[in-house]
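Going by my numbering, the sequence shown opens with residue 593, and the numbers climb by one from there.
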Amino acid sequence: MLIVLAAGRGERMGGPKALMRVGPGRGGAEPWWKAQSRRIADAGFAPRQVIWVVSQTVADGIGDDPSGGGVERAVAVDSRAPMFASVIAGVREAGRAERGAFPSGVYVLPVDVPAPSARVFESLRAHEVGIPRYGSAHGHPVWLEWGFVERVLLPRADDAGARLDEIIRPFAVEVSTDDASVVTNLNTPRDVEDWASRS
593 MLIVLAAGRG ERMGGPKALM RVGPGRGGAE PWWKAQSRRI ADAGFAPRQV IWVVSQTVAD
653 GIGDDPSGGG VERAVAVDSR APMFASVIAG VREAGRAERG AFPSGVYVLP VDVPAPSARV
713 FESLRAHEVG IPRYGSAHGH PVWLEWGFVE RVLLPRADDA GARLDEIIRP FAVEVSTDDA
773 SVVTNLNTPR DVEDWASRS
């Protein structure tokens, strides 16, 4: 399962990052959530394996898209809530047993990090908690085995000050990769322009 965190307000972007426009042409050709969905599919995830954690604004933007092709699984959270609340909402949705089976684990990917190649996702699964590293920087997505989620993450669910990076740090194994996407953060319109010019 892949959890995409897309509930933030995107203040530096000027609006929710999932709805930013990317691609050629004035204002970008399409909303980022569509481009990100393709990248996720290219990495080998079926729509049912992807849980989007979104704000109501993002949910409305996806639902109102005239070209259709929305996301299959989405959970709405308050955009003012801390990021950890989004992680927990996604984990709880992933943990709803389907056909009697829980997932083996979850990947957590902020929406503003372009989904990397399938090779990156696969390499992270060799560890209980895997974090990709490109050069000297670590990035996303992170991989969390389900046993770790139940044992360490969910007991902190109601901790308003909890941060995923701090919780997983003692357990994480950094996995080297040659995919720069893992350390790319599309935080501002300039970041998007720079990334698009390199892609």
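Positions of the beta carbon are idealized from the N, C-alpha and C atoms, including for glycine.
Residue i - containing alpha helix (DSSP H), residue span
i: residue 768; result: Unbroken run through residue 768 is the beta strand (DSSP E), 765-768; no alpha helix (DSSP H).
i: residue 788; result: 781-790
CB contact flag (residue i, residue j, <8 Å)
i: residue 736; j: residue 700; result: yes
i: residue 681; j: residue 695; result: no
i: residue 597; j: residue 678; result: yes
i: residue 721; j: residue 614; result: no
Cβ-based neighbour list, residue i, same chain, cut-off 7 Å, excluding 5 preceding and 5 following
i: residue 709; result: 635, 771
i: residue 640; result: 664, 665
i: residue 754; result: 676, 748
Residue i - partner residues in DSSP beta bridges
i: residue 688; result: None; residue 688 has no bridge partner.
i: residue 724; result: 767
i: residue 730; result: 725
Pick from the options that is closest to residue i, judged by C-alpha positions
i: residue 669; options: 608, 648, 683; result: 648
i: residue 632; options: 782, 707, 725, 672; result: 707
i: residue 652; options: 742, 611, 673, 672; result: 611
i: residue 568; options: 786, 601, 783, 721; result: There is no way to answer for residue 568, as the model of the chain reaches only from 593 to 791.
i: residue 644; options: 621, 655, 595; result: 595
i: residue 599; options: 667, 630, 637; result: 667
i: residue 688; options: 711, 637, 738; result: 738
Residue i, enclosing beta strand (DSSP E) - first and last residue
i: residue 702; result: 697-702
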